[in-house]
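Enquirer:
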Ligand code: 13P
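Numbering (this note's numbering), first residue to last: 3 to 243.
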């Protein structure tokens, strides 16, 4: 399976800079040996999807509300994301778990609704710095996998240690290898398709460390935050794959 390089734009991007970023990515794509995805904020998904149409770069969302439609003021559904051109959706990002109080059960409900609407979920898991210092990373991530994926998961898992997000700190290659091997074993134990589930690494992935991280066994791609907002950096990460 080709590696997946996914950009999470988070809450960044007005009309002009999002369009410029999408055009910059499109202009710099060589032969794609990786699958590439960008996840802009809701307001820019349609415009970015139009710019990237036919380029081979997929577009995704960062969240949705897990009801098909109805009286949920201020929310959008998985079908609405599909309607805008999204193929993927990031779910359970640690920023949502922290800022919006998203629980494993809420993420599991979204996974089910995503698949029903034809979206591929990317479920994020990862421990805090304090949890790692206490040696709890496997217990924490194991609990998130058991609680967030549902019974027959068809999607992507992203391991994002919270202490590595936006900090410039990256786990050692040995730590990434260990956690990805643990996640693979848990997926195989918990899921009928667990052996084939793609596992991304996320947290301070940059052009300078991408090749080393992507070479780690069981790392099936990267979920990139800050470096996905600079076309040249994102393109260099794609090239490293
Ligand atoms: P950074 O690449 O900015 O550390 O963000 C990672 C992330 O949270 C991607 O979802």
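Ideal placement from N, C-alpha and C gives every residue a C-beta, glycine not left out.
Around the Cβ of residue 56, are there at least 16 other Cβ atoms within 10 angstroms (buried) or fewer (exposed)?
Expert: Exposed is the call here.
Enquirer: Relative to the C-alpha of residue 52, which candidate in 71, 87, 19 has its C-alpha closest?
Expert: Checking every option, the nearest Cα to that of residue 52 belongs to 87.
Enquirer: If I measure Cβ to Cβ from residue 186 and keep anything under 7 Å in the same chain, skipping five residues before and after, which residues do I get?
Expert: Excluding sequence neighbours, residue 186 sits near 201, 220.
Enquirer: In whole angstroms, give me the CA-to-CA distance for residue 243 and residue 154.
Expert: Between residue 243 and residue 154, the C-alpha separation is close to 29 Å.
Enquirer: Is it buried or exposed for residue 108, if we count other Cβ within 10 angstroms and need 16 for buried?
Expert: The residue is buried, with at least 16 neighbouring Cβ atoms inside 10 Å.
Enquirer: My assumption, with CB atoms under 8 Å, is that residue 26 sits in contact with residue 233. Please give the rounded CB distance.
Expert: Between residue 233 and residue 26 the Cβ distance is about 3 Å, and since that is below 8 Å, they are a contact.
Enquirer: Quick check on residue 125: does DSSP put it in helix, strand or coil?
Expert: Residue state, collapsed to three classes: strand.
Enquirer: Hey, quick one: how far does the alpha helix (DSSP H) through residue 23 stretch, first residue to last?
Expert: Start and end: 17-30.
Enquirer: I need the straight-line Cα distance from residue 165 to residue 171, nearest angstrom please.
Expert: C-alpha separation (whole angstroms): 7 Å.
Enquirer: Should residue 199 go down as buried or exposed, given a rule of 16 or more other Cβ atoms within 10 Å for buried?
Expert: That one is buried.
Enquirer: Would you say the beta carbon of residue 162 is closer than 7 Å to some non-hydrogen atom of ligand 1?
Expert: Within the cutoff, so yes.
Enquirer: Which residues in the same chain have their Cβ closer than 8 Å to the Cβ of residue 117, if we skip the five residues on either side of it in sequence?
Expert: Here the set comprises 123, 156, 157.
Enquirer: Taking the straight line between their C-alpha atoms, what separation do you get for residue 28 and residue 54?
Expert: Their backbone Cα atoms lie some 6 Å apart in a straight line.
Enquirer: Around the Cβ of residue 102, are there at least 16 other Cβ atoms within 10 angstroms (buried) or fewer (exposed)?
Expert: By the 10 Å Cβ count, residue 102 comes out exposed.
Enquirer: To the nearest angstrom, how far is the alpha carbon of residue 96 from that of residue 79?
Expert: Distance between the alpha carbons of residue 96 and residue 79 is about 20 Å.
Enquirer: Tell me, please, which residues DSSP counts as bridged to residue 67.
Expert: Residue 67 pairs with nothing; no bridge assigned.
Enquirer: Report yes if the CB atom of residue 106 is closer than 8 Å to the CB atom of residue 168, and no otherwise.
Expert: Contact: no.
Enquirer: Between the alpha carbons of residue 163 and residue 72, how many angstroms are there, rounded?
Expert: Each residue's alpha carbon lies about 35 Å from the other.
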